[in-house]
Structures are given as structure tokens and as C-alpha cells.
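According to mature numbering (1 follows the signal peptide of the UniProt record, and there is no 0), the residues represented by the sequence shown are -31 to -1, 1 to 570, in order.
A short worksheet on the structure shown next.
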Amino acid sequence: MLAIRHTRSQTLTTKRRGTAFFAVLAAGALALTACGSDDDGEEPGANRSGTEEPTQSEGTIPGSTITVAVNEDYTAYNDTTAIGNGTWNSYIHNGTKLTFWSYGADGNPVREEEFGTYEKVSDDPLTVEYTVNDETSWSDGTPIDCDDLLLEWAALSGTMVGPDGENIFDASSTNGFELIEKPDCQPGDKQFTVVYSQPYIDWELIVEGGDVPAHIAAQQGGLTPEELVTAIQNDDIAALTPVAEFWNTGWQFNPGELPPAEMIPSSGPYLLTDWQAGQSITLTANPDFYGTPPPTETIVLRVLDGDQQVAALQNGEVDIINPSNPTVDTISQLEGLGDQVETMTGGNLTWSHIDFQMGPGRAFEPLEVRQAFAKCVPRELIVENLVRPANPDAVTQDLREFFPVDEDYDAARETAFPADMYGEQDLQGAQELMDQAGVTQPVEIVFMHADDPVRNDLAALIKDACDQVGFNVVDFTPPDWGERLTADPGSYDAAMFGWAGSGNIASGQSLYVTGGDQNPYGYSNTTVDEIWDQVVTSADREAARELLVEAEAELWNDVFNIPLYTNANVVAVAQGIEGVEVNAAQTGVTFNMDEWIPASS
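This is how it looks when you write it as C-alpha cells:
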């Protein structure tokens, strides 16, 4: 599923663990790939770093601590809600939640066989058998089982509709889950079968299993776990409504207000043990973890703006940084640290873009106005000044579901991208389009983005250019900009942020289709809707990619949004610390924190 995230890191996540709605890396939707399977993906047993053998641990080192900088504070234990789905929460949950799969360093999912296993047993109908390992449990000792799966299905399938016609669960997305028939299992079952009503291309990226505990949601909703299962099996909306109310908001927190440990049990190698608002989040090794114990006892996630992280690394306040939008200064500062740190760069599936509100009466309702804005935005200048210094290979990104690192990007771009229209900045052409639109000039554009150095510089370049051709770009940097994307779409005309993704193909659907969970922009194109219907039900990934090229062309015809660039991906680590990797996916550098080995261990 998708999500938009920002900076809040200025990026949103777009899938699961990225189930995200609008997850903000500020963040969004990308093309994902399948997890390890019979046909493709990582082989079972490979670790998240992508090596052939799982990382071996001799146990947790008492007193050991590694501190990593993050751009955003924690907000929610349940990151599958529309409001909780953000990359900033994934950074913590990488350590506190383990599920059937997770994203590896290259953005491709890997199977987490310490949690459980799964196997496709039929193509017609598409049927998958899941087995949770006998010893797999929440940190409070409650087994992870059918109860958790059923709550996950009920919350994310879109089938639990209240008297008002709305889903009682405020899910970030229903992609994939809406095709799953209600699982037929009993309380406590460790094995269950998932049957789809039609083929689904990303079936391996749907069921997680260890995301939120059903027994806590049941208790908070006034039910026993057995009563919760019965209520789901019987579609008992009245009984489920209090559960849904807790699921929607009960795991959403005020800054620094860490709930009692029994409310937020862990399914992974770490426990969330401390939270200082705007300062730090502390994770401590889970002494009852059923899997391989992590080498490092304590992981501290220090909340720091990107422009503070290099200095914090230099003076020893943090051991690892992975700034979401590294600048020219970031790179030069790291070079100045010499052998004090190890600096790594790698591929990225996070990209920055500008989205438009285009509903009736909005500034960007006329196509010519959107076209003019796409022509005036200085995309190449943005890349040259703000991205290429950190990534010499950076280019303007011209597509949405294909990335410059993809082998088929160039071919897709040649077919779908109208280079004659938007390949270069064209102020004269932009002015002509504004005149054709017949709108009163200047057209005021409330331009929303995160308040950070890179986004601010980007906004200044855009205003300088577009104000010359009939626009008046008004900077808008509210602290809650990530929530406003969907909760208050009337407060802005355009939004600049990032979408973060991995190898999932279907997750982009809700961003572009009419009424999609992640489409608060008033965009509708029946051809795009039809293409996405074909994509998600395809059993052939190559054919699906070809369909996406057609969708890309339609999105450019409508100027759905303006892709800008793929974010640079830089990780710097204090000397002596081992196991840290650059991660291309939305889950960030903490994706394998349970494999980090402290210095002098």
C-alpha cells in the first residue's frame, strides 16, 4: 500500500511496512518487487543486508549502545492507519516488529523465517499458506497467531462498514487485502490459508502478521481475544466498533507520552523503552525474543535535523547518520572528517515531487495551468545545485513508477515522457499556456512543504522562476504539513515532498486512481483506472511493467504531478561499528539494526 512521508523526513512511505497512506519522508508510492518466493526475490535464509548467510550473533553485548540520527520524531505504534503510516515510525518498528517479510538493503523483500514461513499452493484461485513458528510470540508472552491475522484482515480489507457507509477502520490503504477472502482460522491457530478472489501481482507483500497485537486491541475494545475472532467471523460491526476506535487512535501518541509497556508489546528483537519528545527514542534488547538476539543491547534514535547530523557525528553524539536530503554542505563536511567516519552511498527508491490540488475551483484545475507550472519549474537547475553535489550521477526524474536505477527506465522514459514539452525549462512556453488558460494573473499558489534547508532552497528556486510567468508562489511550511496532505487538502494548492518505496508494483494504485486512498487531489482518469486494474491482477510482472508505461504517458498528459529527482542516499558511520548498510527502500538505515555490532565489541 502506499503512503506519503515527509520531513517529517519529508517523505512518505508507499507500502507495507510501508502500507502507508501518505507516509512522509516526507514520502509516497513506488514500484515494489516481490519478496523471496519460488519464482523470484531473495532466497529464504538471506539476511536483510543481502549476504548469502544470515548474520550470526553470539548474544547481546551487555552495556553496548549505538546511537543513530533520525529526522523525525515518533508518532504511532500502529503504522497501518492513515495518520500513523510514516517512515519516521518505520525507523523504530524495524527493531520492535518482526513479520513474515521485511525489506532488504536493495529494496527487495526478504523472508523472515525466524517469524514464520509461507508458500503459494495454488494459482487458481491464488492461495497462500502461512505458518507462524510455534515459539513466535509478543514480548508479553502472548503467541502471535490467527487472532492477529484476522484483525489485520478486518482492519485493512475495507469490508467492515458501519451504518454511515464508511469503513470503521481508518486504514492507510486496502490494496491487496480487499481481494482476500475472510481467513478461515480459529483462535490460537498458528497455520492459516489466504485465498484471493482474483490474481494479485504483489501477493507476497500483503500479510505481515506481527504488526499490531490483536489481544490488546480486543481488551481495549471490551472483548476477549476469542470474542474478537467471533466478531470478525460474524461481521459484527457493533462489537467491532470499539475495537476499531482503539485501533484508529489508541496507538497514536502525543510527543514523549510513552504508554505502559503492556500496551505496546514487541514482536521483534527490541522493546521501546523510553521516549523524550523531540529528543530521542530508546530501544532495548528484548530478553524474551524468540529469534537470534541482537548484538547491541541499546539502540538510541536521536531526533536531529539533517543540517545538525554531521556535527553530531563528529562530536560523538551519534554513531550513524542517514540524512534524508543530503546537501552540498553535508558531503563536504563528511569529507572533512577523514578517517573518523566511513561514508557509504547507494541507490535510492525515494524521490521528490510536486503534487497539485486540481479539483473544481482550485488553482490547478485548468490543465494549461498545470502544464505551465511543469514548464517553469527549473528541474535541471534543482538537480545541478542541490542533488548532484551529493550524487554525481543524479538526473532529473521523469517518471513516477520507474526509477533511474531500473534497467527498463530509459526505455520507459523514451515512450512515456514528453521531452519536447517538459525536458527543459521553458518560461516563454509557460507564459503562453497561462495566457491560453484565461485565468487572472498572477495565480496565487499556496506551496506547502517541510521547513528544512533543502526544501526551502527548492521552494525559493521554484518561486523565482514561476513568479515570472503569471504565478505568485506563497511559501507554506506548517509543522503538521504531513497530516494536512489528506486531512486538510483545502489548505494548500501544491505540495512538495517525497515518496518512498521498494519493489512493490501494485502499491501505486491508490495514488492515482479515482477515489484512491492516497489521492486527495481530485484527480480522475478512467484510462488510468483501467490500467491499474489490469496491473494489480496480472500474474506477469513484465507485462505489468509494460502497462505502467501506458499509465505514465497518461499521467504526463494530465500533468498529475511533477517528478523532480531521486534523493541522494548517504550513510556515514563512526569507525569500528559493523553491519550498517545503505538501504534503498523506505525503511531507512535502521532496517537491520538487529545486525549492528558496536565498536570494540
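We treat Cβ as the ideally placed atom computed from N, Cα and C, and that holds for glycine.
Residue 359 in three-state terms, based on DSSP: Position 390 of the sequence shown, counted from the first residue, corresponds to residue 359. DSSP places residue 359 in coil when its eight states are reduced to three.
Alpha carbon of residue 216 to alpha carbon of residue 68, nearest angstrom: Your numbering for residue 216 matches position 247 in the sequence shown. Your numbering for residue 68 matches position 99 in the sequence shown. Distance between the alpha carbons of residue 216 and residue 68: 19 Å.
Residue burial classification, residue 93 (beta-carbon count within 10 angstroms, cutoff 16): Indexing the sequence shown from 1 puts residue 93 at position 124. Under this definition residue 93 is an exposed residue.
Distance CB(residue 398)-CB(residue 432) smaller than 8 Å: Translated into positions along the sequence shown, residue 398 becomes position 429. Translated into positions along the sequence shown, residue 432 becomes position 463. Cβ distance not < 8 Å, so residue 398 and residue 432 don't count as in contact.
Option in 537, 271, 262 with minimal Cα separation from residue 372: Along the sequence shown, read from residue 1 onward, the residue named residue 372 stands at position 403. Ranking the options by Cα distance to residue 372, first place goes to 537.
Exposure of residue 428, with buried meaning 16 or more beta-carbon neighbours within 10 Å: Along the sequence shown, read from residue 1 onward, the residue named residue 428 stands at position 459. Residue 428 is buried by the Cβ-count criterion.
For residue 179, the nearest candidate out of 145, 107, 239 (CA to CA): Counting from one through the sequence shown, the residue named residue 179 turns up at place 210. Answer by Cα proximity: 107.
Separation of residue 194 from residue 119, as counted between CA atoms: Taking the sequence shown and counting its residues from 1, one reaches residue 119 at position 150. Taking the sequence shown and counting its residues from 1, one reaches residue 194 at position 225. Residue 119 and residue 194: Cα-Cα distance of roughly 11 Å.
Local conformation of residue 584 per DSSP, three classes: Because the chain here runs from -31 to 570, residue 584 falls outside it and cannot be looked at.
Burial state of residue 489, where buried means 16 or more other Cβ atoms lie within 10 Å: For this step, residue 489 is matched to residue 520 along the sequence shown. Under this definition residue 489 is a buried residue.
Own chain partners of residue 29 with C-beta closer than 8 Å, once the 5 adjacent residues on each side are dropped: Indexing the sequence shown from 1 puts residue 29 at position 60. So the qualifying residues of the chain are 254, 262, 263, 264, 265, 266.
Beta-ladder partner(s) of residue 249, from DSSP: Within the sequence shown, the letter at position 280 stands for residue 249. Note: residue 249 sits in a beta bridge opposite 245, 271.
Residue interval of the beta strand (DSSP E) (run including residue 311): Your numbering for residue 311 matches position 342 in the sequence shown. Start and end: 310 to 314.
Residue 62 - partner residues in DSSP beta bridges: In the sequence shown, the residue the question calls residue 62 occupies position 93. None; residue 62 has no bridge partner.
Residues near residue 349 by beta carbon distance below 8 Å, same chain, minus five either side: For the purposes of this step, residue 349 is identified with residue 380 of the sequence shown, where counting begins at 1. The answer, listed in chain order, is 365, 393, 394.
Endpoints, alpha helix (DSSP H) assigned at residue 444: Sequence index remark: in the sequence shown, residue 444 carries index 475 (1-based). No alpha helix (DSSP H) holds residue 444; the beta strand (DSSP E) holding it covers 440 to 445.
Integer Cβ distance of residue 206 from residue 149, believed to fall under 8 Å: In the sequence shown, counting from the first residue as 1, residue 206 sits at position 237. In the sequence shown, counting from the first residue as 1, residue 149 sits at position 180. Incorrect: roughly 19 Å between the Cβ atoms, too far for contact.
Exposure of residue 101, with buried meaning 16 or more beta-carbon neighbours within 10 Å: In the sequence shown, counting from the first residue as 1, residue 101 sits at position 132. Buried, because 16 or more other Cβ atoms sit within 10 Å of the Cβ of residue 101.
Start and end residues, alpha helix (DSSP H) containing residue 197: Here residue 197 refers to the residue found at position 228 when the sequence shown is read from its first residue. 194 to 202 is the extent of the alpha helix (DSSP H) around residue 197.
C-beta contact flag for residue 296 and residue 422 at 8 Å: Within the sequence shown, the letter at position 327 stands for residue 296. Within the sequence shown, the letter at position 453 stands for residue 422. Taking 8 Å as the Cβ cut-off, residue 296 and residue 422 qualify as a contacting pair.
Completely contained beta strand (DSSP E) runs for the region 406 to 476, where each covers 3 or more residues: 412 to 418, 440 to 445, 463 to 469
Beta-carbon gap between residue 131 and residue 210 smaller than 8 Å: What you label residue 131 is simply residue 162 of the sequence shown in a count that begins at 1. What you label residue 210 is simply residue 241 of the sequence shown in a count that begins at 1. Their beta carbons are under 8 Å apart, which means residue 131 touches residue 210 by this criterion.
Cβ neighbours of residue 290 in the same chain (closer than 6 Å, five flanking residues each side left out): For the purposes of this step, residue 290 is taken as the residue at position 321 of the sequence shown. So the qualifying residues of the chain are 38, 278, 282, 541.
Whether residue 244 touches residue 275 by CB criterion (8 Å): For the purposes of this step, residue 244 is taken as residue 275 along the sequence shown, with counting starting at 1. For the purposes of this step, residue 275 is taken as residue 306 along the sequence shown, with counting starting at 1. Not in contact: residue 244 and residue 275 (Cβ atoms no closer than 8 Å).
Beta-carbon proximity check, residue 478 vs residue 77, cutoff 8 Å: Looking up residue 478 in the sequence shown gives position 509. Looking up residue 77 in the sequence shown gives position 108. In this structure, residue 77 does not lie closer than 8 Å to residue 478 by Cβ.
Cβ-based burial, residue 58 [other Cβ within 10 Å; buried from 16]: The residue given as residue 58 occupies position 89 in the sequence shown. Buried.
Same chain, Cβ closer than 8 Å to residue 445, neighbours up to 5 away in sequence not counted: Within the sequence shown, numbered from 1, the residue matching residue 445 stands at position 476. Only 415, 416, 417, 418, 460, 461 meet the Cβ criterion.
Counted within 10 angstroms of its Cβ, other Cβ atoms place residue 425 as buried (16 or more) or exposed: On the sequence shown, residue 425 is found 456 positions in, with the first residue counted as 1. It is exposed - the Cβ of residue 425 has fewer than 16 other Cβ atoms within 10 Å.
Sequence-distant residues of the same chain with beta carbon closer than 6 Å to residue 517, five excluded per side: Here residue 517 corresponds to residue number 548 of the sequence shown, with the count starting at 1. Cβ within range, chain order: 370.
Candidates 524, 448, 466, 508, of which the one nearest residue 483 by Cα: Within the sequence shown, the letter at position 514 stands for residue 483. Of the candidates 524, 448, 466, 508, the one whose C-alpha sits nearest the C-alpha of residue 483 is 524.
Buried versus exposed call for residue 449 [16 or more other C-beta atoms within 10 Å across all chains shown]: Reading the sequence shown from its first residue, position 480 is the one you call residue 449. Residue 449 comes out exposed.
Local Cβ density within 10 Å of residue 190, reported as buried at 16 or more and exposed below that: Residue 190 sits at position 221 when you count from the first residue of the sequence shown. Buried.
8 Å Cβ cutoff met for residue 390 and residue 492: As a first step, residue 390 must be located in the sequence shown, where it is residue number 421. As a first step, residue 492 must be located in the sequence shown, where it is residue number 523. Cβ distance not < 8 Å, so residue 390 and residue 492 don't count as in contact.
Start and end residues, beta strand (DSSP E) containing residue 323: One-based indexing of the sequence shown puts residue 323 at position 354. Taken as a continuous stretch (DSSP letters only), the beta strand (DSSP E) holding residue 323 covers 319 to 325.
Contact with chain B by residue 103, beta-carbon distance below 8 Å: Chain labels in this structure do not include chain B; a single protein chain is all it has.
Buried or exposed (CB count within 10 angstroms, at least 16 for buried), residue 88: One-based indexing of the sequence shown puts residue 88 at position 119. Exposed, since its Cβ has fewer than 16 Cβ neighbours within 10 Å.
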